[in-house]
Structures are given as structure tokens and as C-alpha cells.
Amino acid sequence: MLSVEAVCKTFGGVQALRNASLTCEAGEILGLIGPNGAGKSTLVNAISGVLKPDSGSVRLAGEEITGRGPEHCARAGVGRTFQTIRLFKDLTVRQNVEVAHITCRAVRPDAAKRIGVDQLLQQYELAGFADSPAGTLPYGSQRRLEIARALALGPSLLLLDEPAAGLNEAESETLAIAIEGIRRDVGCATIVIDHDLRFINRLCDRLCVMDQGQVIASGETEEVWRDPRVIEVYVGQSETA
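In UniProt numbering, the protein residues as written are 1 to 241.
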């Protein structure tokens with residue numbers, strides 16, 4: 001579903017991405033991990049069109065979307081959340097989801113037929129907040145609302161940037177179950193960035209590990225954790241990450 005090949009990005013002489021490559025199949029949940037500053041969010045921003053790579057290629061279901069901008073990528077089927085929550089805080093919970101669904105009906109009508117706004121609100125435990133301003137929700141509920149809004153776009157690819165940040169263990173477990181439901185109900189490719197290793201290991205089919213803008217290891221979860229480069233670069237820093 002997603003193919004990223006040799007993506008590079010430099011900011012003011014600092015090379016944030018160095019020939020970064022990965023793939024993610026439909027129905028797969030891929031964990032994208034690494035130390036702070038490894039380039040994870042930069043890579044997700046390049047995939048979703050927020051940043052234009054200096055070189056390299058991003059393809060979604062065979063379509064070249066490299067550098068096409070976030071609006072084009074959303075129309076092509078990329079849905080995402082952000083490390084810092086970005087809701088329409090003055091709109092109600094329902095309106096936040098409806099905005100995305102209106103876009104889906106306009107540009108991806110076949111996908112829109114499979115999506116119900118009320119169903120998403122119910123599924124993500126938001127029905128009781130439907131008429132409340134999004135900015136008044138508890139933090140964990142705002143995280144779930146971001147995911148529900150992204151799903152209302154009918155994505156082929158879902159990018160979740162630190163969805164478990166700030167959640168307690170019980171909330172993280174509830175979120176993991178909800179994300180597994182995305183695989184079952186939607187079948188889109190899903191990439192998850194998070195520093196919560198328990199959350200990542202419990203959720204993901206494969207891991208892709210980054211350091212200093214490079215992908216240093218990729219594969220099945222147990223295989224990746226045995227990689228000496230991962231042990232040196234990531235696990236060795238896990239207690240302070």
C-alpha cells in the first residue's frame with residue numbers, strides 16, 4: 001500500500017532524513033520507533049505531504065504522492081493524527097468528525113459509503129460528548145477524537161504520531177484495542193509512532209527503527225529487538241527516552 005524509497009530532507013544544513021525507506025501493507029500495523037530526534041515525525045510529515053522531500057519517492061497504492069502537499073495526500077487516502085493534538089476546538093465533537101466525512105464524500109465517495117459518523121463516535125467512546133466543544137474533552141478523549149476524525153476520511157493509510165502520549169496504562173490498552181479494530185473494520189495500512197515500548201510491542205506486526213535520519217532496522221518485532229544496532233542505539237537509551 002505504501003512504499004517510501006530513499007527519502008532525504010535537510011533543514012539548514014542538518015540532514016533530518018538520510019535515504020529513509022520503508023513499506024507498509026494493507027491491514028498491517030507498522031511501528032516506527034527510535035530515539036528523540038531520530039527523524040520519525042519528519043518522515044511521517046514527508047509521507048503525508050506536510051514536508052516536501054529533497055529527494056526520494058513516496059507512493060500510495062502505486063500513485064506518486066511525493067511533495068504533492070497535505071490536501072492532495074488526504075484526497076489520495078492519507079489520514080493522520082499529530083504529536084500535538086490539532087482539533088477544531090471550538091467545533092463540537094460531532095462536527096470535527098463530520099468535517100472529515102464531508103471531504104471523504106466529495107473525493108472518496110465509495111469509501112464514504114462504508115463510514116458512519118455516529119458509528120465512529122460510538123466506537124471511540126465519544127457519543128456522550130457529541131455536542132460538546134472538542135476543546136472541553138478530557139485529554140484521552142481528544143486523542144480518540146483525532147483518530148475518529150482521521151478515519152472519517154476513509155483512509156488507505158493511517159499515520160498515528162504518538163497516539164498514546166500522556167495516557168495511563170489502562171487508557172493505552174483501550175487505545176491499542178481500538179487501533180486493532182481499525183485493521184479489522186477498515187483494513188488500511190497503519191503506521192504508529194510512539195515512545196511507549198509496551199504499547200508498540202503489544203500492537204505492531206513489524207517494527208521500523210530510525211536513528212539520525214536513517215532506518216537502521218526493519219522486520220518482525222522479536223527479530224528487530226535482537227539487532228545489535230537497535231540494542232546499542234535505542235534500547236540502551238530506553239530508560240531516559
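Glycine included, each C-beta is placed from N, C-alpha and C at the ideal position.
Span separating the alpha-carbon of residue i from that of residue j
i	j	result
residue 306	E5	Nothing can be reported for residue 306: it is not among the residues displayed for the chain, which extend from 1 to 241.
I147	A112	16 Å
Q15	C188	31 Å
I193	L159	8 Å
L30	G128	31 Å
L153	D161	17 Å
V117	R105	12 Å
I65	R143	27 Å
Q119	T174	17 Å
A170	A176	10 Å
N33	Q83	At residue 33 the sequence reads Ile, which differs from the Asn that was named. Rounded to whole angstroms, I33 to Q83 spans 14 Å at the Cα level.
R198	A178	16 Å
N201	H72	32 Å
E25	V44	16 Å
L22	G62	14 Å
A241	P109	Low confidence applies to A241: its pLDDT is 37, below 50, so where it sits in the model is not reliable, and the reading given next is rough at best. About 42 Å.
G49	R68	6 Å
Proximity winner among the options, relative to residue i (alpha-carbon distances)
i	options	result
R114	L87, F88, P155, K89	P155
G13	L60, V186, A46, D54	D54
D205	R86, G27, L87	G27
R80	L151, A38, L2	L151
S41	E220, T136, V209	V209
I182	Q123, S3, G69	Q123
L157	V78, K9, N36, I102	V78
E222	L207, G37, N19	L207
V220	G213, D211, Q212, L203	The sequence given here has Glu at residue 220, not Val. It is L203.
G37	Q214, V224, W225, E232	Q214
Simplified DSSP assignment, three categories, for residue i
i	result
N45	helix
A6	strand
L159	strand
T174	helix
D211	strand
Q83	coil
A134	helix
V93	helix
T240	Only weak support exists for where T240 lies, its pLDDT of 38 falling under 50; the value from the coordinates is given anyway. Correct three-state label for T240: coil.
C24	strand
Cut-off 7 Å between Cβ atoms - residues of its own chain near residue i, not counting five sequence neighbours on either side
i	result
residue 244	Within the shown structure, residues of the chain are numbered from 1 to 241, placing residue 244 beyond reach of any answer.
R149	N96, V97, A100
G166	Y139
D227	A217
R229	I216, A217
L126	V93, S141, R144, L145, A148
Beta carbon proximity, residue i to chain D, threshold 8 Å
i	result
E232	The structure shown contains no chain D; it holds only a single protein chain.
Close Cβ partners of residue i (< 6 Å) along its chain, the five nearest in sequence each way excluded
i	result
V107	R75
Contacts around residue i, its chain only, beta-carbon distance under 8 Å, and the 5 residues preceding and following it disregarded
i	result
F88	Q95, N96, V99, A134
query: So does the region 126–141 actually touch the region 88–104, counting three or more Cβ pairs closer than 8 Å?
result: yes
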